[in-house]
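Before any comments, here is the structure.
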Amino acid sequence: MTEPDPGPVVQRILLGADLRDARDAAALSNADASKALGWYTGKLSKIEQGDMKVTDKDLDKAVRLYKIPADHAAKLRQLSVDARRKLPPARVPAHGVKYVNLERAATELKIFNADCFPGTVQTADYARAVLARSVTVSPADVDRMAEDRTKRLERMKSPNAPRLWLVVGEEALCREIGGPAVLRAQLEQVRELAELPHVCVQVVPFDGGAHASHGVAFSIVTLIEGRSGIVFIEGLTATDYLGGEHARIYDLAFENLRATTLSQQRTMERITQRIGELA
């Protein structure tokens, strides 16, 4: 079977991570490497974070400075070429394009959202209800974006889907986004999804007390097993993508959240109960 194309955004991130590892192996600080490469302040950071394309000339400089072996350098050069491709724009707000590409290439997703179900698992009607109230989404784009979210939901059900750990606050079960019928259908989809072996859905109950992420929804995307994930935090007009020590802290927060949730069985019982209440 042909491996799915991760897309140029993800390939830039992978290339940046490899170059950061090579710099660390060469025992060079960001400042020292930037000076030796003749790059302006911040350029190396952007490349290592996957936020900037790498030219062949710049990559050759890094290969020489870091003394990267020829076979590894050849793989990096191909990755650099692939990372400079252009793809049709995703039907998401501009600041969310990178996340959708990361999600598509993920091996594992950890998602926390307190008051609603995230775009990754939304039904078309639930997505329309959410998007229709957005102040950054054009009314003309709502239907197309909602359909794209249903494709992301279906992808989570496919055989090559990433492991999904979804934690939501109990408010997500109660807030009638789109009305009772729409919420009921959304809950039925989440219950169906939770029956899959690669999916775990858990609820933080109202009476669960304090937890580690009040007011902060986030996702942790793991691209490669054994490598630190990328944290995604979305605001109304911008996003943050965090790695390194930030990723470790958010991973710790996610595990803390899971310690405050209902068990999977009790979560399914609560969802089923709520579906009955909305009938």
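So for the sequence shown, the UniProt record's numbering puts the first residue at 1; every next one is plus one.
Using N, Cα and C, we set each Cβ at its ideal position, and we do this for glycine too.
Query: Alpha-carbon spacing of Arg77 relative to Gly50, whole angstroms; Result: 15 Å
Query: 8 Å contact criterion, which Ala217 and Phe112 should meet: CB distance rounded; Result: 6 Å
Query: Tyr250 beta carbon less than 9 Å from that of Lys98; Result: no
Query: C-beta contact flag for Arg144 and Gly178 at 9 Å; Result: no
Query: First through last residue of the beta strand (DSSP E) which encompasses Leu166; Result: Arg163 to Gly169
Query: Contact set for Met1: own chain, Cβ-Cβ below 7 Å, skip 5 residues either direction; Result: Below a pLDDT of 50, predicted positions are generally treated as unreliable, and Met1, at 37, falls in that range; the measurement from the model is reported next regardless. For Met1, where only same-chain residues beyond five positions count, there are no Cβ hits under 7 Å.
Query: Val182, DSSP secondary structure in three states; Result: helix
Query: Selected residue, minimal CA-CA separation from Val201, among Phe232, Ala70, Gly169 and Ala36; Result: Gly169
Query: Presumed contact (8 Å Cβ cut-off) between Leu102 and Val231, rounded CB distance; Result: Contact doesn't hold; Cβ gap of about 11 Å is too wide.
Query: Spatial distance of Leu14 from Ala279 (CA atoms); Result: 47 Å
Query: Where the beta strand (DSSP E) through Glu245 begins and ends; Result: Unbroken run through Glu245 is the alpha helix (DSSP H), Glu245 to Ala259; no beta strand (DSSP E).
Query: Neighbour-count burial assignment, Ala247, 16 or more Cβ in a 10 Å radius; Result: buried
Query: Distance, Arg20 Cα to Glu48 Cα; Result: 6 Å
Query: Cα-Cα separation between Ala83 and Leu187, rounded to whole angstroms; Result: 38 Å
Query: Exposure label - Ile224; buried when at least 16 CB within 10 Å; Result: exposed
Query: Beta-carbon proximity of Pro162 to Ala253, cut-off 9 Å; Result: no
Query: Exposed unless 16 or more other CB atoms sit within 10 angstroms - verdict on Asp24; Result: exposed
Query: Alpha helix (DSSP H) segment containing Ser45, residue limits; Result: Lys43 to Glu48
Query: Val221, enclosing alpha helix (DSSP H) - first and last residue; Result: No alpha helix (DSSP H) contains Val221, which is instead part of the beta strand (DSSP E) from Phe218 to Thr222.
Query: Stretch pair the region 149-165 + the region 188-199: three plus CB contacts closer than 8 Å; Result: yes
Query: Check whether Gln189 and Arg149 have beta carbons under 9 Å apart; Result: no
Query: Exposure label - Tyr40; buried when at least 16 CB within 10 Å; Result: exposed
Query: Cross-strand partners of Asn113 (DSSP beta bridge); Result: Val168
Query: Residue(s) in a DSSP beta bridge with Gln202; Result: Val167
Query: Secondary structure of Val135, DSSP reduced to three states; Result: coil
Query: Cross-strand partners of Asp51 (DSSP beta bridge); Result: For Asp51, which the question treats as bridged, DSSP gives no partner whatsoever.
Query: Close-in-space but distant-in-sequence residues of the same chain around Gly229 (CB under 6 Å, 5 per side omitted); Result: Ile220, Val221, Thr222 and Ala247
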